[in-house]
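Counting from 1, one number per residue, gives the positions in the sequence shown under UniProt numbering. From the three backbone atoms N, C-alpha and C, an ideal C-beta is built for every residue, glycine too. In this text, all values refer to a predicted model and were calculated from it rather than measured experimentally. Structure, as structure tokens:
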Amino acid sequence: MTTDGGAQAEADWSPTHEVVCRGDAADAVAADTRLAAVACEFGDEARLTMSTGDVSDRSPRTQRILDGEFDRLPDDATDGADPTWRATLPGGTDALVRALTVADPEAEGPLGEARWRVWDVSSVEIRRGGRSIYRSVPHHERFELDATAAPELVDSARERLADCPCAVVPTGPVATWADAGEVNHRAIRFETGSGASLAHVRRVAVDRERREVVVDWEPLGERVGREPSRALRAALRTFTWAVDRFGSSEGPPRRVSFADEATVRRVVGALETVRERVGYDFEIVEV
């Protein structure tokens, strides 16, 4: 974001779609790179903001591309400490993709020594006519599109991600209810500050007579076993052991009650819609 309209663009950013990734960090990075390439087909300018001005010790190839094929914005043209490089599209598309592509990651963890791609890339932004049509913040796994000016962008993005465990979905909640309850494409929120990621939900039981939904999610211990990073796996096991000592880490199923049958139908319909759009594998059963 820069002072040449960037601050206003940030304030006006209202994405129409977001990307939900069910895979690991490597899948999310691959999706980001593909999405940036797709957006370049509809944009006229690309901006790549890094957390540091030099990543040559982590990705010398990326630094060479930035230095040789991008224009770095002057330090006094940015509103913060993060340096930003700019490329004109469509000519700069190939350079942007090459700068973002992770090459030969090590075996440890989903990205290995290429963790710079998550943490050193602060944001990727594709603009059209001075307004963003794609933005990503990799370390937050936030990938967003605004298809207002380019409706074809959504279908093109979905096509490009067809073989990735990622889905392009509309932003915002799919259903809401009292006490700040919400179903969106990432989670079911029971109330303010409480909820469960749909990626970890195993089963949703619907009791229409009682007007209740019971959400059963997988225990933390099962999630630990699937973590690809040995170091993170060890840290999570330590955390699980501590939780087991001082309270159950299993987390009992969460029961949510609703005021009327219409709300139950709306919430269950939202869960079915989200499951289909994103590709979650939790089951929904009537009890």
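Cβ separation of residue i and residue j, assumed to be a contact under 8 Å, to the nearest whole Å
i           : j           : result
residue 127 : residue 136 : With 8 Å as the limit, residue 127 and residue 136 do not qualify as a contact, their Cβ atoms being about 13 Å apart.
residue 87  : residue 62  : No, residue 87 and residue 62 are not in contact; Cβ-Cβ is about 13 Å, not under 8 Å.
residue 52  : residue 84  : Contact doesn't hold; Cβ gap of about 12 Å is too wide.
residue 165 : residue 23  : 4 Å
residue 282 : residue 186 : Between residue 186 and residue 282 the Cβ distance is about 13 Å, and since that is not below 8 Å, they are no contact.
Straight-line Cα distance separating residue j from residue i
i           : j           : result
residue 265 : residue 205 : 13 Å
residue 19  : residue 155 : 13 Å
residue 188 : residue 74  : 44 Å
residue 8   : residue 43  : Any reading at residue 8 needs caution, since the residue's pLDDT is 44, under 50, leaving its predicted position unreliable; the model's value is listed next. Whole-angstrom Cα-Cα distance: 18 Å.
residue 117 : residue 201 : 29 Å
residue 113 : residue 58  : 8 Å
residue 158 : residue 129 : 23 Å
residue 65  : residue 111 : 21 Å
residue 171 : residue 29  : 20 Å
residue 149 : residue 133 : 8 Å
residue 180 : residue 151 : 31 Å
residue 102 : residue 261 : 50 Å
residue 249 : residue 218 : Low per-residue confidence applies at residue 249: pLDDT is 43, beneath 50, and the placement is therefore not dependable enough to give any value.
residue 82  : residue 276 : 39 Å
residue 89  : residue 184 : 34 Å
residue 207 : residue 191 : 20 Å
residue 182 : residue 173 : 6 Å
residue 163 : residue 34  : 11 Å
residue 285 : residue 153 : 36 Å
residue 216 : residue 263 : 20 Å
DSSP bridge partner residues for residue i (one or two, in chain order)
i           : result
residue 132 : 127
residue 35  : Note: residue 35 sits in no beta bridge, so no partner.
residue 182 : 176, 189
residue 216 : 203
residue 279 : Answer is none; residue 279 lacks a bridge partner.
residue 257 : 212
residue 286 : 206
residue 46  : 87, 126
residue 196 : 188
residue 137 : 142
residue 288 : Only positions 1 to 287 of the chain appear in this structure, which leaves residue 288 out of reach.
Boundaries of the alpha helix (DSSP H) in which residue i is found, first to last residue
i           : result
residue 170 : Counting along the chain, residue 170 falls outside any alpha helix (DSSP H), though it belongs to the beta strand (DSSP E) covering 166 to 170.
residue 327 : Lying before the first or after the last residue shown, residue 327 is absent from the chain, which here runs from 1 to 287.
residue 261 : 261 to 274
residue 41  : Looking at the DSSP string, residue 41 is not in any alpha helix (DSSP H), and its letter there is neither H nor E.
residue 87  : No alpha helix (DSSP H) contains residue 87, which is instead part of the beta strand (DSSP E) from 84 to 88.
residue 66  : 60 to 69
residue 13  : First-last for residue 13: undefined, no H or E at that position.
residue 99  : 93 to 100
residue 115 : Careful: residue 115 lies outside any alpha helix (DSSP H) and carries neither H nor E.
Sub-8 Å separation of residue i and residue j beta-carbons
i           : j           : result
residue 256 : residue 212 : yes
residue 12  : residue 21  : no
residue 291 : residue 198 : Coverage of the chain is limited to positions 1 through 287, which leaves residue 291 absent and any answer about it impossible.
residue 31  : residue 40  : no
residue 175 : residue 259 : no
residue 17  : residue 145 : yes
residue 124 : residue 36  : yes
residue 196 : residue 254 : yes
residue 38  : residue 167 : no
CB contact check: residue i to chain B, cutoff 8 Å
i          : result
residue 85 : The question asks about chain B, but that chain is absent: this structure has only one protein chain.
Run of the beta strand (DSSP E) containing residue i, from where it starts to where it stops
i           : result
residue 145 : 142 to 145
residue 18  : 17 to 21
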